[in-house]
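Q: Numbering (UniProt numbering), first residue to last: 1 to 286. From the three backbone atoms N, C-alpha and C, an ideal C-beta is built for every residue, glycine too. Attaching a single structure in structure tokens format; questions to follow.
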């Protein structure tokens, strides 16, 4: 699943060196023109050395300048440049919809491409063996925790999800052996998340952290960090958007990987529960 190169550059901009960042900023302002430059011409335009161009391409995950030009031609040529700018006041609703769709697709592509598939397999086995799963997220991450709870509860897993972190800490302290704690935080630095994870670690629970940043406190603290991608720091920070989509996609990956490993058992369980619920409510409403 190929990512949009314009948004890929934007998402990695703050992780680049000073010289590489100059190239990225220049390309974002002159994406169409860059397609027609050679390495020396782009280096001169951006005020860097040709060697920095090569390093820049590798830093954003490309093999070289030729691949950069191909991706720029495919993603930038003939496309309204307004789509790549941040949402601003008084914009047409249709343009807002296009921008959000572009960024959501990019977030899902980045997460799908960069998720550690081996880690997903490891966590799937862990989910199967743990008798009780505790999950916590605050703010927008609580929506993700609710989604995890809804999905795994309906296939027979015992999931404890509390918004009150004091109450949850008491539950973690008294949790049984082999229980699992899943902490969800986009930044990986949320104070309540870190404290609860520390409690879970002290009680020798298995711990999973879902975050965007592999160097975050949460990712370093847990047994199994799951790193999603696609959150854009400048995009509508009055509310979680791309980061929320990436987190929900990650939960879906865990869910379907788990179902895939236990498909016969779970399919039978879902059929039986559907029939029971339909029968029960049909009788009540008749």
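In angstroms, rounded to a whole number, what distance separates the CA positions of residue 75 and residue 39?
A: What you label residue 75 is simply residue 75 of the chain shown in a count that begins at 1. What you label residue 39 is simply residue 39 of the chain shown in a count that begins at 1. About 20 Å.
Q: Can you say whether residue 238 is buried or exposed, counting buried as having 16 or more other CB atoms within 10 angstroms of its CB?
A: The residue you call residue 238 lines up with position 238 of the chain shown. Here residue 238 scores only 45 on pLDDT, less than 50, and its place in the model should not be relied on; the value that follows carries that caveat. Its Cβ having fewer than 16 others within 10 Å, residue 238 is exposed.
Q: My output table needs one value for residue 48: the three-state DSSP class, helix, strand or coil.
A: Translated into positions along the chain shown, residue 48 becomes position 48. Of the three classes helix, strand and coil, the one that applies to residue 48 here is coil, per DSSP.
Q: Straight-line CA distance for residue 288 to residue 279?
A: The displayed coordinates of the chain run from 1 to 286. Any statement about residue 288 would go beyond what the structure contains.
Q: In chain order, what residues of the same chain have a beta carbon less than 6 Å from the beta carbon of residue 148, not counting five sequence neighbours either side?
A: Position 148 of the chain shown holds residue 148. Here the set comprises 135, 251.
Q: DSSP puts residue 205 in a beta bridge; with which residues?
A: Here residue 205 corresponds to residue number 205 of the chain shown, with the count starting at 1. Paired residues: none, contrary to the question.
Q: With distance defined between alpha-carbon atoms, name the residue in 142, 264, 90, 253 nearest to residue 120.
A: On the chain shown, residue 120 is found 120 positions in, with the first residue counted as 1. Considering only alpha carbons, the answer is 253.
Q: Contact criterion: CB-CB distance below 8 Å. Does residue 183 meet it with respect to chain B?
A: Any reference to chain B falls outside this structure, which holds one protein chain only.
Q: Report the rounded CA-to-CA distance for residue 127 versus residue 67, giving the unit in angstroms.
A: Taking the first residue of the chain shown as 1, we reach residue 127 at position 127. Taking the first residue of the chain shown as 1, we reach residue 67 at position 67. So the alpha carbons of these two residues sit roughly 40 Å apart.
Q: Which whole-angstrom value describes the C-beta separation of residue 211 and residue 176, a residue pair presumed to lie in contact below a C-beta threshold of 8 Å?
A: Residue numbering aside, residue 211 sits at position 211 when the chain shown is read from its first letter. Residue numbering aside, residue 176 sits at position 176 when the chain shown is read from its first letter. In fact, because the Cβ distance is near 26 Å, the residues do not count as touching under 8 Å.
Q: Can you give the Cα-Cα distance for residue 224 and residue 209, rounded to whole angstroms?
A: The sequence position of residue 224 within the chain shown is 224, counting from 1. The sequence position of residue 209 within the chain shown is 209, counting from 1. So the two alpha carbons sit approximately 6 Å from each other.
Q: Under 8 Å, with one C-beta from each stretch per pair, do the stretch 191-198 and the stretch 144-162 reach the 3-pair mark?
A: The stretch 191-198 vs the stretch 144-162: no contact.
Q: Give the DSSP bridge partners of residue 132, in chain order.
A: Indexing the chain shown from 1 puts residue 132 at position 132. For residue 132, which the question treats as bridged, DSSP gives the partners 158.
Q: By DSSP, does residue 24 sit in helix, in strand, or in coil?
A: Residue 24 sits at position 24 when you count from the first residue of the chain shown. It is helical.
Q: Between residue 192 and the rest of its own chain, which residues show a CB-CB distance below 8 Å, the 5 nearest in sequence each way excluded?
A: Walking along the chain shown from the start, residue 192 turns up at place 192. The answer, listed in chain order, is 136, 138, 165.
Q: Alpha carbon to alpha carbon, how far is residue 63 from residue 22? Give it in angstroms, no decimals.
A: Numbered from 1 along the chain shown, position 22 holds the residue referred to as residue 22. Numbered from 1 along the chain shown, position 63 holds the residue referred to as residue 63. Between residue 22 and residue 63, the C-alpha separation is close to 19 Å.
Q: Using the Cα positions of residue 330 and residue 29, report the straight-line distance between them to the nearest angstrom.
A: With the chain running from 1 to 286 in the structure shown, residue 330 is simply not present.
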